[in-house]
Amino acid sequence: MSRTHNLKRKLFKFNLIPPRKWRPAATILMGAIFGLGIYMIRLSNATSYLSDDPQACVNCHIMTPQYITWTRSSHREVAHCNDCHVPHDNIANKYFFKAKDGLYHSTIFTLRAEPQVIRALEPSINVIQNNCIRCHENQVTEAKLLDVVENHHPHRTDRICWECHREVPHGKVRSLASVGHQIEPIRAHAPPDLEIIPKWLKESMKSKK
Amino acid sequence: IMDRKTEARFAYQPKVILEGIEPRDSVWGLNYPRQYQSYMKTKDTTFQSMYNTSGFKDVLDDQPELVILWAGYAFSKDYNHPRGHAWAITDVHNTLRIGSPMEPGDGPQPSTCWTCKSTDVPRLMSEMGLTEYYSHKLSHLATEVINPIGCADCHNPKTMNLTITRPALVEAFEAMGKDINQASHQQMRSLVCAQCHVEYYFDKTRPGEEDAAYLTFPWKEGLSVESMEKYFDNIDFADWTHPISKTKMIKAQHPDYELYEMSVHAKRGVSCADCHMPYKNEGGQKFTDHHIGSPLSNVENSCFVCHREKQEDLLTDVYERQRKVKEGSSKLQKLIAMAHIEAGKAWELGASEEQMKSVLEGIRHAQWRWDFVVASHGGAFHAPLESSRIITSATGIIQEARINLTRILADLGHNKPVEMPDFNDKDKLQLYIGLDIPKEKAAKETFLEQVVPQWLKEGKAREAKKEVKTVSSR
Amino acid sequence: IMDRKTEARFAYQPKVILEGIEPRDSVWGLNYPRQYQSYMKTKDTTFQSMYNTSGFKDVLDDQPELVILWAGYAFSKDYNHPRGHAWAITDVHNTLRIGSPMEPGDGPQPSTCWTCKSTDVPRLMSEMGLTEYYSHKLSHLATEVINPIGCADCHNPKTMNLTITRPALVEAFEAMGKDINQASHQQMRSLVCAQCHVEYYFDKTRPGEEDAAYLTFPWKEGLSVESMEKYFDNIDFADWTHPISKTKMIKAQHPDYELYEMSVHAKRGVSCADCHMPYKNEGGQKFTDHHIGSPLSNVENSCFVCHREKQEDLLTDVYERQRKVKEGSSKLQKLIAMAHIEAGKAWELGASEEQMKSVLEGIRHAQWRWDFVVASHGGAFHAPLESSRIITSATGIIQEARINLTRILADLGHNKPVEMPDFNDKDKLQLYIGLDIPKEKAAKETFLEQVVPQWLKEGKAREAKKEVKTVSSR
Ligand SMILES: [Ca+2]
Ligand SMILES: [Ca+2]
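As you go down the protein sequences, you meet chains G, R and X in turn. Counted the way the numbering used here counts, the first sequence spans residues 3 to 211. Counted the way the numbering used here counts, the second sequence spans residues 2 to 475. Counted the way the numbering used here counts, the third sequence spans residues 2 to 475.
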């Protein structure tokens with residue numbers, strides 16, 4: 003109990019360390035994680051965390067509100083989690099950020115140290131903001147489109163996008179308690195025989211009487 | 002990790018255990034009060050938009066010429082705009098289309114009619130077997146079918162996952178060489194609706210099941226209006242023969258899913274539930290709004306998710322599209338009505354089968370195409386261009402038929418416009434085609450007073466015996 | 002980013018001073034090389050999409066029945082798909098529609114034809130005055146008009162702001178009770194195109210200006226096809242009388258702006274330039290791509306700004322809409338061709354004016370509506386539903402006319418289909434309507450060899466006298 007408490011304190015400290023200094027620490031922790039064994043990796047679907055599948059994120063119940071809100075958003079068909087939450091300026095940065103982030107999240111999660119209401123942290127705010135701009139650059143920067151939205155230009159340069167676009171993509175209300183059932187079957191831990199047609203119907207269709 | 006995953010799915014304490022096929026929404030509602038309460042709002046019939054309505058408008062009164070189009074078929078007696086799911090059973094009882102069956106086995110309609118009206122249907126199908134279920138009269142099963150469309154139609158009671166409970170959809174996918182089990186969650190958010198909001202017919206030719214009115218979706222050749230037309234032509238199918246023009250007709254019923262699939266929204270991955278069941282925020286809780294009805298009563302939750310336009314602009318978007326499509330279809334239905342009567346005149350004057358062959362084919366195809374667009378109440382907005390394309394083709398076809406008819410009539414000595422009845426009076430038109438509506442209405446009244454209450458009483462008594470298991474408190 | 006924007010506008014030191022109306026793009030190009038170089042690419046005719054093309058496809062060869070529709074009018078001789086702006090002058094020289102005017106004053110077409118073809122036009126208008134400019138033959142001004150559409154048509158040389166240089170557009174706004182000076186920048190990005198890509202006619206009835214073919218846009222009653230039809234009916238206008246059916250016809254020319262205005266893109270504030278002149282990034286410089294042509298050659302810069310879909314999906318979006326609209330219009334144009342010939346037969350057999358009145362009105366309106374949709378080369382994508390709606394209405398109208406014709410013909414003893422020429426052979430159809438195309442082509446050849454080079458030579462000599470002021474280096 004006290005051991006875990008210590009570790010949590012350390013991690014908490016890590017988090018206060020400026021991002022640049024993360025690199026060596028992250029590298030060491032990476033090694034430690036590998037040591038935890040195949041079972042652990044399988045169970046937590048750690049490998050899927052490196053993929054671009056949004057379902058990877060809902061491995062943690064705690065991501066469920068974000069997942070649910072995103073599936074009800076205008077971005078569902080056009081932007082997956084990683085399109086917003088991972089840097090897209092270069093490949094190395096992308097995976098470094100992912101590894102760092104993934105490690106941090108999974109540790110907090112396993113330790114049950116997560117807050118009721120998660121917030122995006124400063125480094126990740128930058129990442130997200132850059133991604134908004136990455137996709138919407140033309141809409142928000144082109145002289146000709148400035149006309150469509152009054153004052154879009156001055157506004158968007160000194161604020162973050164979702165100060166105004168508060169519904170994009172998670173909506174305003176998204177605490178763990180605010181969203182109800184996640185009824186979409188999560189592939190990672192759904193029974194393999196999960197099927198859309200109920201058993202009684204399959205049987206009636208077969209038996210033909 | 003294992004533990005916490007399951008937690009995510011069952012954030013609420015269930016109050017009752019849902020066992021087998023539970024047809025009563027009120028029981029499900031104990032576990033899921035928000036969804037239940039919003040679903041109960043489908044009873045509300047007050048919302049009115051420009052063309053559609055949840056107010057159960059009498060379509061025949063509004064567009065009396067339809068009486069001619071459907072002469073000889075039950076739709077010429079009574080046809081209404083739909084209203085909420087909660088009314089599904091009541092509206093079947095009320096409609097003149099089912100007659101007034103005083104005894105089990107009476108009445109014109111088969112048990113198959115119930116298929117899209119009630120959560121009792123999956124229960125009955127599982128108890129009786131499919132063919133048996135399809136092989137009765139509607140009146141035979143009337144005490145069994147008392148709960149309107151509800152939770153059990155779309156949800157797996159254990160996981161609450163979306164599920165398909167109607168075999169016709171599964172079989173239609175099979176006929177197209179597809180496996181519905183491969184459907185993604187997003188597709189399921191439309192496919193649950195596609196169990197009912199689709200074109201269908203009763204197949205009475207299945208080998209060994211000839212007594213059944215087997216519910217079938219004619220999708221084998223594809224979902225387009227031409228593909229289904231080809232399907233019906235290939236099997237030489239007719240819902241009925243038109244008594245005036247002698248055409249072998251095909252009735253199109255609400256192909257909302259099929260037309261929707263041709264739309265840009267569908268192409269972009271938008272599902273029915275995105276608009277008709279948007280996510281809603283109530284008291285800090287988010288849930289899927291089960292008040293299924295016109296999204297126009299709720300633009301902020303439905304359209305605004307993707308379109309940050311003025312509400313006014315989104316409303317006019319819908320109305321403009323509906324207006325443009327209806328301009329064509331309203332014109333067209335009058336032309337088709339005239340064609341039936343002109344054909345009737347030609348027969349009267351002694352036209353030959355040979356002469357009339359291509360005319361009748363024209364009427365068959367034009368009315369089928371017209372109906373496809375019009376019976377899909379959402380189609381004019383869901384897929385405006387595809388709707389309009391179909392209307393254009395049907396307009397060409399019916400007028401070609403009328404050109405032929407003009408020539409045939411001239412041949413038979415009648416080289417002038419055929420006299421038409423008054424297309425603006427439903428009552429007169431129903432008389433014109435030989436219906437005695439006052440009589441049918443009187444019978445209906447007796448039936449609704451004497452028979453229906455009895456059906457419901459018996460049904461409720463049966464249900465009362467079924468126990469509801471509550472979850473013991475921890 | 003702010004920086005970038007100003008960079009785009011003022012990245013270049015002006016090299017020359019643009020004075021008065023400078024018709025030569027090459028001079029403007031010294032100051033704005035990127036815009037100039039991209040504009041010069043409008044010469045490129047290699048891009049091909051599904052239906053439209055910058056390759057100058059011969060439309061009559063592709064759809065020979067149009068020869069019948071336009072019989073008696075120059076379009077039956079020659080009509081091509083458009084190509085880039087750089088070709089505007091060349092294509093006027095080349096077309097059989099202007100004949101082969103060997104001397105100034107020869108030929109069928111008025112000077113007004115030049116209005117939408119050249120930067121010399123604003124110059125001439127300012128020099129000659131409007132009425133005078135409109136009062137000549139095309140051949141009179143042929144040595145004056147040698148530069149195709151270019152910078153001076155859309156830009157104020159001092160500020161480079163967008164500007165309107167064609168009076169017809171200003172007058173059309175006035176007629177509608179609107180002031181074009183109130184147009185926003187975003188609207189200007191469409192209105193510069195609306196100077197030319199619009200329906201027009203030549204008004205020869207202006208009091209005191211009866212000698213002029215005064216370029217006029219028929220927008221007084223509104224921009225819809227019905228409003229303009231009403232406008233033309235009110236003033237009893239006809240472009241020509243059809244020699245076969247004797248119908249007083251209205252020709253619709255490229256109402257791209259008007260149809261576009263009925264679209265969802267227009268409603269959302271998207272302008273022509275957003276798609277046809279997207280921003281482009283070249284060597285770190287952003288500028289407006291002046292290679293005006295099909296946006297499909299450039300989906301990444303045009304559509305992607307607003308739609309992050311697969312390129313493939315955006316292409317098929319366009320093609321699907323075009324296919325659905327063209328399905329209806331292709332059918333329709335054959336029906337109209339038949340109506341002309343059937344009406345011809347009726348006259349031949351002695352039909353009376355009285356009998357034919359409503360038939361001719363039907364043909365007039367149906368062909369006008371058809372042409373409105375088809376002449377707008379972008380319309381099938383710009384406003385697919387409005388296009389389809391118009392096609393539906395025209396299909397109804399022409400078939401009604403043909404029903405009447407069938408009855409008239411039967412009355413005159415001809416109760417069977419009228420014999421039709423081969424609709425698949427342009428040459429035969431041109432012969433059928435009495436054209437001697439080989440002769441016209443031969444004359445054209447002589448004209449292009451002997452006259453046109455002379456026109457251009459004179460024009461260039463005149464221009465060479467005009468000095469270009471360079472900016473002294475700083
Ligand atoms: Ca049917
Ligand atoms: Ca015109």
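Note that the Cβ used here is the ideal one computed from N, Cα and C, for glycine as well. Predicted model, so just to flag it, every value in this text is computed and none were measured.
Between the CA atoms of residue j and residue i - distance to the nearest angstrom
i                : j                : result
ARG167 (chain R) : GLN196 (chain R) : 6 angstroms
LEU31 (chain G)  : VAL28 (chain R)  : Residue placement at LEU31 (chain G) cannot be trusted, given a pLDDT of 47 that sits under 50; the coordinates are not used to answer.
ALA48 (chain G)  : PRO187 (chain G) : In this prediction, ALA48 (chain G) scores a pLDDT of 40, lower than 50, which makes its location untrustworthy; the coordinate-derived value is nonetheless stated afterwards. Approximately 18 angstroms between the Cα atoms of the pair.
THR396 (chain R) : LEU333 (chain R) : 6 angstroms
ASP154 (chain X) : MET126 (chain X) : 12 angstroms
THR46 (chain R)  : CYS62 (chain G)  : 42 angstroms
PRO208 (chain R) : SER140 (chain R) : 25 angstroms
ASP63 (chain R)  : GLU464 (chain R) : 40 angstroms
TRP202 (chain G) : ASP275 (chain R) : 29 angstroms
VAL265 (chain X) : ASN302 (chain X) : 20 angstroms
ASP234 (chain R) : LEU315 (chain R) : 40 angstroms
THR91 (chain R)  : ILE150 (chain R) : 11 angstroms
LYS138 (chain R) : VAL170 (chain G) : 52 angstroms
TYR74 (chain X)  : ARG309 (chain X) : 45 angstroms
SER394 (chain X) : SER388 (chain X) : 10 angstroms
ASP59 (chain X)  : ASN53 (chain R)  : 46 angstroms
ILE198 (chain G) : ASN157 (chain R) : 9 angstroms
PRO123 (chain R) : PHE218 (chain R) : 18 angstroms
TYR80 (chain R)  : ALA347 (chain R) : 29 angstroms
LEU19 (chain X)  : HIS82 (chain X)  : 34 angstroms
GLY39 (chain G)  : VAL80 (chain G)  : Interpretation of GLY39 (chain G) is limited by its pLDDT of 39, a score under 50 that renders its predicted location unreliable; the figure taken from the coordinates is listed afterwards. So the alpha carbons of these two residues sit roughly 36 angstroms apart.
PRO15 (chain X)  : THR116 (chain X) : 29 angstroms
Contact list for residue i against chain X, beta-carbon separation under 9 angstroms
i                : result
CYS137 (chain G) : ARG309
Chain X contact residues for residue i, given Cβ-Cβ distances below 7 angstroms
i                : result
LEU386 (chain R) : ARG322, LYS325, PRO385, LEU386 and SER389
LYS332 (chain R) : GLY397
VAL88 (chain G)  : Simply none; closest approach about 17 angstroms.
VAL213 (chain G) : No statement about residue 213 (chain G) is possible, as the shown extent of chain G runs from 3 to 211 and does not include it.
Cross-strand partners of residue i (DSSP beta bridge)
i                : result
GLN49 (chain X)  : X:THR54
ASP204 (chain X) : X:TYR215
MET250 (chain X) : X:TRP241
THR289 (chain R) : R:TYR280
ILE18 (chain R)  : R:LYS470
Residue i CB to nearest heavy atom of ligand 3 below 7 angstroms
i                : result
TYR215 (chain X) : For ligand 3, the structure offers nothing, since it holds only ligand 1 and ligand 2.
Proximal chain R residues relative to residue i, where beta-carbon distance stays under 8 angstroms
i                : result
ARG168 (chain G) : By Cβ distance, chain R contributes nothing, its closest Cβ being about 12 angstroms from ARG168 (chain G), past 8 angstroms.
Residues that residue i contacts on chain G, provided the C-beta gap is smaller than 7 angstroms
i                : result
VAL306 (chain X) : ASN140 and GLN141
SER127 (chain R) : TRP202 and SER206
Cross-chain neighbours of residue i in chain G, by beta carbon under 9 angstroms
i                : result
PHE288 (chain R) : VAL181, GLY182 and HIS183
Amino acids of chain G, ordered along the chain, whose beta-carbon sits closer than 8 angstroms to that of residue i
i                : result
ASN171 (chain R) : A small correction: the amino acid at residue 171 (chain R) is Val; Asn does not occupy that position in the sequence shown. Going along chain G in sequence order, the residues near VAL171 (chain R) (Cβ under 8 angstroms) are ILE199, LEU203 and MET207.
Where residue i meets chain R, residues with beta-carbon distance less than 7 angstroms
i               : result
ARG74 (chain G) : TYR280 and VAL306
*If we count Cβ pairs, one from each stretch, closer than 8 angstroms, do we get three or more for the stretch 185–192 of chain X versus the stretch 163–171 of chain X?*
yes
_Proximal residues, the stretch 309–322 of chain X versus chain G, C-beta separation under 7 angstroms_ = ARG309
*Just by C-beta distance, which residues in the stretch 254–281 of chain X are closer than 8 angstroms to chain G?*
GLY270, SER272, ALA274, ASP275 and TYR280
*Along the stretch 136–169 of chain R, what residues have a CB closer than 9 angstroms to any CB found in chain G?*
HIS156, ASN157, THR160, MET161, ASN162, LEU163, THR164, ILE165, THR166, ARG167 and PRO168
*Could you tell me whether the stretch 369–380 of chain X touches the stretch 418–437 of chain X, where touching means 3 or more Cβ pairs closer than 8 angstroms?*
No, the stretch 369–380 of chain X is not in contact with the stretch 418–437 of chain X.
*Please determine if the stretch 395–412 of chain R and the stretch 397–405 of chain X are in contact, where contact requires at least 3 C-beta pairs separated by less than 8 angstroms.*
yes
_Segment contact flag, the stretch 108–122 of chain X with the stretch 200–219 of chain X, C-beta cutoff 8 angstroms, min 3 pairs_ = yes
*Closer than 9 angstroms, Cβ to Cβ, to anything on chain X: give me those residues from the stretch 72–102 of chain R, in chain order.*
none
*Is there contact here, the stretch 283–298 of chain R with the stretch 43–59 of chain R, by at least three beta-carbon pairs under 8 angstroms?*
yes
*Touch check for the stretch 125–133 of chain G and the stretch 71–90 of chain G: three-plus C-beta pairs under 8 angstroms?*
yes
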